[in-house]
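Residue numbers (our numbering): 151 to 213.
Don't be surprised by glycine CBs; every beta carbon is placed ideally from N, CA and C.
All of these numbers come straight from a predicted model, not from anything done at the bench.
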């Protein structure tokens, strides 16, 4: 199962729908004001506490 979207475009490195439904990630949106008055929104995926536990347990299974 993939956890992040790898196709090029605006969704690149964003969590998949399934990983969002599992509560592994949340999206932090930040507005950026440019000098020409244009405002854009930057989206950053963040791993939740539940996601940290999930991935640590997942990596422990590999060993």
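Put simply, the backbone Cα of residue 194 is about 9 Å away from that of residue 163. By the 16-neighbour rule on beta-carbons within 10 angstroms, residue 185 is exposed. Relative to the Cα of residue 180, the nearest Cα in the group 210, 207 and 196 belongs to 196.
According to DSSP, residue 175 shares a beta bridge with 197.
Between residue 177 and residue 190, the C-beta spacing is not below 8 Å. With fewer than 16 other Cβ atoms inside 10 Å of its own Cβ, residue 192 counts as exposed.
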